[in-house]
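Asks:
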Amino acid sequence: MTKTIPDVVCPFCGTLCDDLEVEVSDDGKTIVDVYNACAIGAEKFMHAQSKDRVKRPRMQQPDGSYKEVTYDEAVEYTAQMFAKARKPLMYGWSSTSCEAQSVGHEIAEKAGAIVDNTATVCHGTTLIAVQDVGIPSCTLGEIKNRADRIIFWGCNPTHAHPRHQSRYSIFPRGFFVNKGHKNRKVIVVDPRVTDTAKMADIHFQIEQGRDYELLSALRVAVRNEPLPDTVAGIPKEKIYEAAELLKSGRFGIIFFGMGVTQTLSKNHNIDEAIMLTKDMNEFTKFSIMAMRGHYNVTGSGQVLGWQFGYPFCVDLSRGFARYNPGETTSNDLLRRGEVDAVFVLGSDPGAHFPISSVKKISQLPSVCVDPHITPTSEISKLHVPVAFVGVEVGGNCYRMDNVPIDARKVVDPPEGVLTDTEFLTRVNKRLGELMGVA
Amino acid sequence: MTATEYLIKNGFVFDPVQGIKGDKADVAVKDGKIVKSTELSSKAKVIDASGKTVMAGAVEIHAHIAGPKVNEGRNYRPEDKLFTYTPKKKGSRMAGGFSIPTTFKTGYEYARMGYTTCMEAAMPPLFARHVHEEMKDTPIIDEGAYPVFGNNWFVMEYLKNDEIDNAAAYTAWLLNSTKGYAIKVVNPGGTEAWGWGLNCLTVNDPVPYFDITPAEIMTGLMKTNEYLGLPHSMHVHQNSLGNPGNYTVTLDSLKLAEGIKANNKFGRETVLHSTHLQFHSYGGDNWGNFESKSKEVMDYVNRQKNITVDTGCVTLDETTTMTADGPFEHHLTELNHLKWANVDVELETAAGIVPYVYSPDIKVCEIQWAIGLEIALMAKDPMRCFITTDHPNAGPFTRYPRIFKWLMSVDARKERIESFKHSAKMVDATHIAGMDKELSLYELAQMTRAGPAKSLGLASIYGGLAPGMDADVAVYNFNPDTPHKPDEIEKAFSSAAFVMKTGTPVVMDGEIVSNGNKRTIWVDAKVNENPQVMRDIKDKFLRYYSVTLGNYDVTKHFLSGNPRVIEVDATR
């Protein structure tokens, strides 16, 4: 007999679906099947079962091979690294719980580290734009219950946030939109004909990198002011038509992704998108939301916010918190050679940072805390495998709309494998001893 | 070794609970409680308070200090941290921020001023976890949070049909699920209307679709509150906040309390708490003829014994406004064109944030400053009028000592008025220049300790120095018997000489010495089983919420290690 655990939270993307059902064996040790999840989410649970999983820390040897070490040795190496470093970088934090982040921040305070999360190469530009112009937003349930105008700008949820459209944005039958997708008009802005674009009522196949122009043109069009014949490759008639469509709605929303945050103009694109949203509130109700990637990158910004006052790239090396994107952001620090140790938890910069940054990590004392073998674990001096958050240990996470949801534990981790929080707590304690503070 | 017995000797004690008005007396503490001096052994540690003022730890009835909008304020205003950071010290974390300090700074700064209990004024139920996570990271002070009910779909549907027992069952369920403390109402109906970009600006404006009025929501929630017998009364932020001429809406709202009787076992005699009254006491019909209507409002408050109010005093700083009154923040960003953040919360509420500069060079701000102080000075019963800044809306809580100075000194007020840019126009539009009342320390203790504790239904625990109460004690470097300059008031109350929280010294000479033993206070209300309400809850979660019912409840995991549960039995 197996048993089914309801209301399981999916630890994959920022959609943070919390309606999964996980079937586990009678002894509660193995996952048999996962229901309601998308293909990626289901794989995250099933992957935790893999037989070749690393279960003990591994230390890189001079010849590049790895030698298994104990957790005690791993804690000692990590604590010593922090104690010796003058300006260590603690990067990641997006695929772990808020509890673990919080312990990480205590270590950072002691060590005088820089704490940065994956927003630094993702929605960090959004966070900067919000600091410029604010952000009118809402929870995803508001979209489900009210929204009749949906814009996906530079994002492709069909592949990146697979259940977003069925749970919140296009298909659900909400309180005031009880016919589901028949009540909604969908606009997609993307230079590619993505699977999301194929579902749109209007697809603006914009010239690549021209988002700022088109956003500005929409601000002009909603005011009925004159436009040139084409903007960003879109004929002006189509832009006026879209503006009228948006104004005729009762509740609109812009979802946007990396297609606007990390292309030409970066945070200025988001400034403009937010100002369009603000303008639209003169005519109807309008919101805007970032399609956050990792399941708890939002949570990292929240915990950093209440503990230090800034959402990413927080520099504690001077004994008080500083924030200066461009100076205190991970890639800038790495490429300038400003950090002397790297600690990675809950992300894979080895796969996603520029090669110039990755080379620096490989040359420095470095620790990678990750359940998987990743490009980062392969270039780090020490790889510490841990339990999967959301599968083998619970903890709080924040959805892309900042709604906090407590991830659940469905099975035990392999025997003897520590959780993020346990490992960090031991490092924190040892670091305290080394530095002579309680 | 930590002592568990203390004797705070020879201070000038101000304690409204026992009616002590500055007599020299000793305060004895044993095992976290106030005791009679005779119960102490010879091992008691003596704290010399001679020449100093001794009061109970202060009680904050309304401040926005934890949760999603506070944190959005922190994250979207890096500029608020400029020049504010204090580094990590032995036993305390690094701490920064001015109008929206980090959680650590919030705990430390309240404690340094002698505040030991604080209520977070607006908790969106869907974000309750976030509020509790922040409260867990706020050291020293005991905290509770008020979930917002005034735009909740369940509440509006039950109250529309006058189903008080169903509203009560839902309220009890929500307080339990969110570990909340009281019924908070913010712009009743107006915030739901904001879901469509609309608002309710009088107590009779119908709420779109729900076909109920703000007056019906407030009356229904007062009845619900008394049906349950909760410790605090309904806590309301009325409609039409911040608009010239809104005092009539305020009076209409306050009048709803007439005829409703308090029913509870906590010694609370009031049924409605009207918060940040300064923002609701405006006359005129535009910003040009904007004027104070504090007298009209306070005349009513003084007569109507079953309401309490807090002031919402403007401190004349650059600050960050934040409220569940979503439409108001949109209105404000249209006025000052500063960055606007908004969050609409499904089925429950909304919130907005806009920075604001209360400038002594702007007439309206000067008048607002006067109105806040007038409300406190006009209060006939200091046990029903409490000093707040609606932190951070009218100014940061760290300015309380400055407000005390203005309230306790005509000279300080005069100096401030004379240096306003538009002082003559301001004086014409307000009453402040003609007021010679100076608050006594006893009245201050009523307005910041005993009064709020009583309104919260916590009078037997907090806000006093009677034996049996929690040993929350503040000692200030202030000798009431010697002449003093107004600035000495501000200085003394900014940085207490000694503060004790539940028997543990937490502040000495203005420095944090311990993170104390913080507790989270919440109300566990028991009601009869109500299958209809439980069915409605299941149905709404299945169809309209974006989280499952099973993931909504704030598990005990989110409370600080030290929950303080106030139990209420409303079964019948």
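Quick note, the sequences are listed as chains R and C, same order.
Here the first sequence is numbered in the working numbering, starting from 19 and rising by one per residue.
Here the second sequence is numbered in the working numbering, starting from 77 and rising by one per residue.
Using N, Cα and C, we set each Cβ at its ideal position, and we do this for glycine too.
1. Starting from residue 124(C), follow its DSSP beta bridges and name the residues at the other end.
2. Could I get the ranges of all uninterrupted alpha helix (DSSP H) runs contained in the segment 181-214 of chain C, with 4 residues as the minimum, in chain order?
3. Determine contact between the segment 255-265 of chain C and the segment 233-245 of chain C, defined as no fewer than three beta-carbon pairs at a distance below 8 Å.
4. Return the chain-ordered list of same chain residues with a C-beta closer than 6 Å to the C-beta of residue 364(R), the five sequence neighbours on each side being excluded.
5. In chain order, what residues of the same chain have a beta carbon less than 8 Å from the beta carbon of residue 298(C), not counting five sequence neighbours either side?
6. Please state if the CB of residue 579(C) and the CB of residue 187(C) are separated by a distance shorter than 9 Å.
7. Output, in sequence order along the chain, the residues in the segment 154-181 of chain R whose CB is closer than 7 Å to any CB in chain C.
8. For the segment 411-436 of chain R, which residues have a CB atom closer than 7 Å to at least one CB atom of chain C, in sequence order?
9. Going along the chain, which unbroken runs of the alpha helix (DSSP H) with 4 or more residues stay wholly within the segment 418-488 of chain C?
10. Just reading off the beta strand (DSSP E) that residue 134(R) is part of, what are its end residues?
11. If the cut is a Cβ gap below 9 Å, which residues of chain C does residue 87(R) touch?
12. Tell me, please, whether the CB atom of residue 407(C) is closer than 9 Å to any CB atom in chain R?
13. Assuming residue 391(C) and residue 471(C) are in contact, meaning their beta carbons sit under 8 Å apart, how far apart are those beta carbons, in whole angstroms?
14. If you draw a straight line from the alpha carbon of residue 32(R) to that of residue 150(R), how long is it in whole angstroms?
15. Near residue 92(R), which residues of its chain fall below 7 Å by C-beta distance, leaving aside the five closest residues on each side in sequence?
16. Return the residue from the list 98(R), 52(R), 77(R) that minimises the CA-CA distance to residue 454(R).
17. Starting from residue 617(C), follow the alpha helix (DSSP H) in both directions and report where the run begins and ends.
18. Just how far apart, CA to CA, sit residue 356(C) and residue 529(C)?
19. Chain R beta carbons: is any one of them nearer than 9 Å to that of residue 393(C)?
20. 9 Å is my cut-off, CB to CB: does residue 386(C) come that close to chain R?
21. Check whether the Cβ of residue 610(C) lies closer than 9 Å to any Cβ atom in chain R.
22. Name, please, each residue of chain R whose Cβ falls closer than 8 Å to the Cβ of residue 236(C).
23. Within the continuous alpha helix (DSSP H) that includes residue 350(R), where are the two ends?
24. Under 7 Å, CB to CB, which of the residues in the segment 410-422 of chain C have a partner in chain R?
25. Give a yes or no on whether the minimum CB-CB distance between residue 127(R) and chain C is below 9 Å.
26. With 9 Å set as the bound, which would you pick, yes or no: does the beta-carbon of residue 324(R) sit closer than that to a beta-carbon of chain C?
27. Using a Cβ cut-off of 7 Å, pull out every chain C residue sitting near residue 265(R), in sequence order please.
28. Grab the span of the beta strand (DSSP E) containing residue 257(C) for me, first residue to last.
29. Taking Cβ-Cβ distances below 9 Å as the criterion, which residues of the segment 571-605 of chain C are in contact with chain R?
30. Looking only at C-alpha atoms, which of 154(C), 190(C), 172(C) sits nearest to residue 550(C)?
31. Tell me the rounded alpha-carbon separation between residue 170(R) and residue 270(R).
32. So is residue 66(R) in contact with chain C if we call contact Cβ pairs under 9 Å?
33. Measuring only from the beta carbon, is residue 353(R) closer than 8 Å to any heavy atom that is part of the ligand GTP?
34. Give a yes or no on whether the minimum CB-CB distance between residue 185(R) and chain C is below 9 Å.
35. Report the start-end ranges of each beta strand (DSSP E) in the segment 187-264 of chain R that is 3 residues or longer and not cut off at the edges.
36. Within 9 Å (strictly less), CB to CB, does residue 139(R) reach chain C?
Replies: Result, derived from the coordinates:
1. The partner list for residue 124(C) (beta bridge, DSSP) reads 85(C).
2. 204-212
3. no
4. 110, 111, 112, 113, 114
5. Closer than 8 Å at the Cβ level, and outside the excluded window around residue 298(C), lie 309, 310, 332, 333, 336, 347, 348.
6. Taking 9 Å as the cut-off, the beta carbon of residue 187(C) is found no closer than this to the beta carbon of residue 579(C).
7. Within the segment 154-181 of chain R, the residues whose Cβ lies closer than 7 Å to some Cβ of chain C are 154, 155, 156, 157, 158, 159, 160, 162, 163, 164, listed in chain order.
8. 414, 420, 421, 422, 423, 424
9. Counting whole runs of 4 or more residues, the segment 418-488 of chain C contains the alpha helix (DSSP H) stretches 439-454, 476-484.
10. 132-135
11. Here the premise fails: no neighbours, minimum Cβ distance about 31 Å.
12. Output row for residue 407(C): interface = no.
13. 3 Å
14. 24 Å
15. 75, 400, 402
16. 98(R)
17. Segment 607-619, the alpha helix (DSSP H) holding residue 617(C).
18. The alpha-carbon atoms of residue 356(C) and residue 529(C) are separated by roughly 23 Å.
19. no
20. no
21. no
22. What residue 236(C) touches in chain R: nothing, since even the nearest Cβ is about 16 Å away.
23. 348-353
24. 415, 416, 417, 418, 419, 420, 421, 422
25. yes
26. yes
27. Result: empty, since nearest Cβ-Cβ is about 12 Å, beyond 7 Å.
28. Neither: residue 257(C) is in no beta strand (DSSP E) and is coded neither H nor E.
29. none
30. 190(C)
31. About 11 Å.
32. no
33. Summarising the ligand content, the structure contains no ligands, and the ligand GTP is consequently not present.
34. It does: the Cβ of residue 185(R) has a partner Cβ on chain C nearer than 9 Å.
35. 203-207, 220-222
36. no
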